[in-house]
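Trainee: Submitted below is the structure of interest, expressed as structure tokens.
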Amino acid sequence: MAYASNQRSLETVKREDLVRMCSECGSKDIEYANEEFYCKKCGLVLD
Ligand SMILES: [Zn+2]
């Protein structure tokens with residue numbers, strides 16, 4: 037996939053990438069353990 041028309045700054049993209057959100061319950065209460073991110077609320081493992 038190409039995003040040739042996407043002119044957003046790398047800084048903005050990088051900042052958004054740091055905010056991890058659970059795709060299951062929408063919680064941002066994400067914990068990092070055993071080299072994985074997981075939701076503290078419902079336990080879903082993010083990749
Ligand atoms: Zn969750």
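Count the sequence shown with this note's numbering and you get residues 37 to 83, in order. All C-beta atoms, glycine included, are put in the ideal place defined by N, C-alpha and C. As the structure is a prediction and not an experimental result, all values here were calculated from the model.
What residues sit near ligand 1, counting only those whose C-beta is closer than 5 Å to one of its heavy atoms, in chain order?
Mentor: Those residues, listed in chain order, are 58, 60, 61, 63, 75, 77, 78 and 80.
Trainee: Distance check for residue 80 and residue 70, CA to CA, integer angstroms please.
Mentor: Roughly 14 Å between the two C-alpha positions.
Trainee: May I ask you to list the residues that DSSP assigns as paired with residue 82?
Mentor: Residue 82 is bridged to 73.
Trainee: Only counting the same chain, and skipping five residues up and downstream in sequence, which positions put a Cβ closer than 6 Å to that of residue 63?
Mentor: Contacts found: 75 and 77.
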